[in-house]
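Chemist: Chains as they are written, first to last, in the numbering used here: chain S, 1 to 439; chain A, 440 to 678.
All C-beta atoms, glycine included, are put in the ideal place defined by N, C-alpha and C.
Structure provided below as structure tokens; questions to follow.
Dropping the structure here:
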């Protein structure tokens, strides 16, 4: 910025004084800033401690002992098996070239007690296994605002375990487990108690539960892929006010379970290929005031299973090629099922209820056979999504083998004309003629 | 007649593919076509054909030709042309639109059903000299296999739902070629539903190599028994 003095007009005096004053203030501020900046090394004195062959420290343990709060411990590639490492001050622990931390199937690899710790770039493998304690690759114990990113967890009991930790971020990790039985395996990312945590872009497979949340509030799970886990892709309990979106849950033993929770937002997730006698895309148990929208449920034995839930909105989802798209039990009330697409499911809705206390409205059902005379894109006669046959298979499961039999279709049609055993109140009074197109 | 059948299948099939939004629901509609129309046309056409060519067969029998070769010639001529119709009418659209595993199963099941119901047609026609009676019983037979049987099975399964029914279901399905065909395709199509509850059991059975061989052999038995039973009557019959 260039300032010109002495432009000869009669107002120039005033003007100059003003400009001068402003300049002085900027100058003084700058001076103060420079002074503070020069103080920075004195205040922080952050060191870099390099670990590895031919570096200052041979072991991570040694470097950790020598480090102070705020230092970076930089670990170069190599194989490190140093027993259980404990971090009790704020450290940036960084791996270069994916150094391997091995737990020899005996110990917890890293335990963190200090808030603000940052761990990235390691391959953490073979943590111990215990029936009593929950041993993990990385365990945060009451450590807040920590970041765990870009690590590769391989064959751990629990991979990442957060106990009573908040404001943490776990991102871009690849977590691979080899769980064989539910009792002998741990979870990929396990959070117990905490708030404002973020689980972002991780890929988890082969654990008991991919992601486990218990008493975790105000947290978000975004962009993760959780697949081929033994039990649930995501297991979620007593965790109010959470958000999970853009995740893919695929081929997990029983899909995703969300239980005993209020105010959850689930959007843009994909629930795919969860097959099995007790499998579902998403199970809701005792959920209230939640929103489920823009999700895709594809090829699950049961797409969405709702039990004991109320005031939950299911909107703009697509149910495609599921065995049962939605199974809604009789203890649900005031849930809303609207503007969803039901396509190519074997059964659209199954229920054990005789009364309907939920709103089913304005969905697209590909099994709807009604007409639209007034051309308002809404079918003129209501659709009963609970078919006779779906009811029959509830009562005697073996009749499932008569699926697509002409006789069964005949019964279904007759039932639609004269409902006898299907709940008459279970209906969509405004079924759509064309599927919704979501972006 | 066979041409009309070909055209019917072709139009139905390509129409369904053209209009269907999701391929698996299209295949379900096609499944209905195969399980209802193919047996009906085969058994009706077979019976009518047999009665119409009665004079011709009598004439042939007057020649020094073996009864067996006349009989099998007639059968292969009939079933062969129907199979051709099926392949053109159904095979071409399937290959064009959806050459998936389930669709190919559909074709195979259609093929087997053609052979089976042609054989059943011959059985009904050699049993009675009266044309009206023959056609009537053919129609009844179709109605029994396509509709009634399933109703009875459904009733049994529902009534005895508290008992372990796995074997019974297998036996019952084996008693109806249409049901075997249906189950075979079902396992390819509605896998997600069938993985639940009891379905997994049947998936385990029919999904394995043994189950496939088993169901195919049952279908073969369904061709052989009526075919040879009819031949026995035909060869001894005083025409």
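DSSP three-state call for residue 313 of chain S: helix, strand or coil?
Modeler: In the structure shown, residue 313 of chain S sits in a strand (DSSP, three-state: E or B).
Chemist: Does the count of Cβ pairs from the segment 417 to 433 of chain S and the segment 351 to 370 of chain S closer than 8 angstroms reach three?
Modeler: As far as the Cβ criterion goes, the segment 417 to 433 of chain S touches the segment 351 to 370 of chain S, which means the pair count is three or higher.
Chemist: Between the Cα of residue 238 of chain S and the Cα atoms of S:224, S:167 and S:259, which residue gives the shortest distance?
Modeler: Comparing Cα-Cα distances from residue 238 of chain S to each of S:224, S:167 and S:259, the minimum goes to S:259.
Chemist: Anything in chain S within Cβ reach of residue 612 of chain A, meaning under 8 angstroms, just list it in chain order.
Modeler: By Cβ distance, chain S contributes 401.
Chemist: Measuring CA to CA, which of A:470, A:516 and A:540 is closest to residue 409 of chain S?
Modeler: The candidate whose alpha carbon is nearest that of residue 409 of chain S is A:470.
Chemist: What residues in the segment 312 to 327 of chain S have a beta carbon less than 8 angstroms from any beta carbon of chain A?
Modeler: Taking 8 angstroms as the Cβ-Cβ cut-off against chain A, the residues of the segment 312 to 327 of chain S that qualify are 320, 321, 322, 323 and 324.
Chemist: Does residue 381 of chain A pass the burial test, meaning 16 or more other C-beta atoms within 10 Å, or should it be called exposed?
Modeler: There is no way to answer for residue 381 of chain A, as the model of chain A reaches only from 440 to 678.
Chemist: Distance cutoff 7 angstroms, beta carbons only. Does residue 344 of chain S sit that close to anything in chain A?
Modeler: Yes, contact with chain A.
Chemist: Of the residues S:56, S:217 and S:324, which one's Cα is nearest the Cα of residue 277 of chain S?
Modeler: Of the candidates S:56, S:217 and S:324, the one whose C-alpha sits nearest the C-alpha of residue 277 of chain S is S:324.
Chemist: Does any C-beta atom of chain S lie closer than 7 angstroms to the C-beta of residue 589 of chain A?
Modeler: It does: the Cβ of residue 589 of chain A has a partner Cβ on chain S nearer than 7 angstroms.
Chemist: Just checking: is the beta-carbon of residue 446 of chain S within a distance shorter than 7 angstroms of some beta-carbon in chain A?
Modeler: Residue 446 of chain S is absent from the structure shown; chain S starts at 1 and stops at 439.
Chemist: So is residue 446 of chain A buried or exposed if we call it buried at 16+ other beta carbons inside 10 Å?
Modeler: So residue 446 of chain A ends up on the exposed side.
Chemist: In three-state DSSP terms, what is residue 409 of chain S?
Modeler: Of the three classes helix, strand and coil, the one that applies to residue 409 of chain S here is helix, per DSSP.
Chemist: Label residue 493 of chain A either buried or exposed according to how many other C-beta atoms from any shown protein chain fall within 10 Å of its C-beta, with 16 as the threshold for buried.
Modeler: Answer is exposed; the Cβ neighbour count stays below 16.
Chemist: Output the distance between the C-alpha atoms of residue 455 of chain A and residue 334 of chain S, rounded to the nearest integer angstrom.
Modeler: Approximately 39 angstroms between the Cα atoms of the pair.
Chemist: Does the distance from the CB of residue 450 of chain A to the CB of residue 481 of chain A come in under 7 angstroms?
Modeler: Taking 7 angstroms as the Cβ cut-off, residue 450 of chain A and residue 481 of chain A do not qualify as a contacting pair.
Chemist: Hey, residue 77 of chain S and residue 97 of chain S are a contact pair by Cβ (cut 8 angstroms); roughly how many whole angstroms apart?
Modeler: Contact holds; Cβ gap of about 3 angstroms.
Chemist: Span of the beta strand (DSSP E) holding residue 320 of chain S?
Modeler: From DSSP, the beta strand (DSSP E) with residue 320 of chain S extends over 318 to 320.
Chemist: On the three-pair Cβ rule with 8 angstroms, is the segment 147 to 156 of chain S touching the segment 121 to 128 of chain S?
Modeler: These segments touch.
Chemist: Please compile the residues from chain S whose C-beta is within a distance smaller than 8 angstroms of the C-beta of residue 592 of chain A.
Modeler: Result: 402.
Chemist: Give me the Cβ distance between residue 388 of chain S and residue 415 of chain S, rounded to the nearest whole Å; I'm assuming they're in contact under 8 angstroms.
Modeler: The Cβ separation is near 4 angstroms, so the contact holds.
Chemist: Could you give the C-beta distance for residue 532 of chain A and residue 453 of chain A, rounded to a whole number, given that I count them as a contact under 8 angstroms?
Modeler: About 4 angstroms; that satisfies the 8 angstroms criterion.
Chemist: In whole angstroms, what is the alpha-carbon distance linking residue 534 of chain A and residue 160 of chain S?
Modeler: Whole-angstrom Cα-Cα distance: 50 angstroms.
Chemist: Measure the C-alpha to C-alpha separation of residue 169 of chain S and residue 336 of chain S and round it to an integer number of angstroms.
Modeler: The straight-line gap from Cα to Cα measures roughly 33 angstroms.
Chemist: Between which two residues does the alpha helix (DSSP H) carrying residue 212 of chain S extend?
Modeler: Premise fails: residue 212 of chain S lies in the beta strand (DSSP E), 211 to 217, not in any alpha helix (DSSP H).
Chemist: So is residue 129 of chain S in contact with chain A if we call contact Cβ pairs under 7 angstroms?
Modeler: It does not; no Cβ of chain A falls within 7 angstroms.
Chemist: Run through chain S and tell me which residues come within less than 7 angstroms of residue 621 of chain A, C-beta to C-beta.
Modeler: Going along chain S in sequence order, the residues near residue 621 of chain A (Cβ under 7 angstroms) are 404 and 405.
Chemist: Rounded to whole angstroms, what's the CA-CA distance from residue 511 of chain A to residue 663 of chain A? Just pull it up for me.
Modeler: If I take the Cα positions, the gap works out to 12 angstroms.
Chemist: Going by C-alpha distance, which of S:295, S:173, S:245 and S:289 is nearest residue 281 of chain S?
Modeler: For the residues S:295, S:173, S:245 and S:289, the minimum Cα distance to residue 281 of chain S belongs to S:295.
Chemist: Just checking residue 592 of chain A against the ligand FAD - is the residue's beta carbon closer than 6 angstroms to any of the ligand's heavy atoms?
Modeler: For the structure depicted, the ligand FAD is absent and the ligand set is empty, with no information on it obtainable.
Chemist: So, at 8 angstroms on beta carbons, what are the nonlocal neighbours of residue 381 of chain S in its own chain, with the 5 sequence-adjacent residues on each side left out?
Modeler: Answer for residue 381 of chain S: 370 and 371, listed in chain order.
Chemist: Going straight from the alpha carbon of residue 347 of chain S to that of residue 302 of chain S, what length do you get?
Modeler: Spanning the two alpha carbons is a distance of roughly 9 angstroms.
Chemist: Roughly how many angstroms separate the alpha carbons of residue 129 of chain S and residue 618 of chain A, rounded to a whole number?
Modeler: For residue 129 of chain S and residue 618 of chain A, the distance between alpha carbons rounds to 51 angstroms.
Chemist: Can you check whether the C-beta of residue 277 of chain S is within less than 7 angstroms of a C-beta belonging to chain A?
Modeler: Closer than 7 angstroms to some Cβ of chain A, the Cβ of residue 277 of chain S qualifies, so yes.
Chemist: Pick out whichever of S:195, S:162 and S:205 has its Cα sitting closest to the Cα of residue 178 of chain S.
Modeler: Closest option to residue 178 of chain S, Cα to Cα, is S:205.
Chemist: What are the boundary residues of the beta strand (DSSP E) that residue 348 of chain S is part of?
Modeler: Residues 347 to 351.
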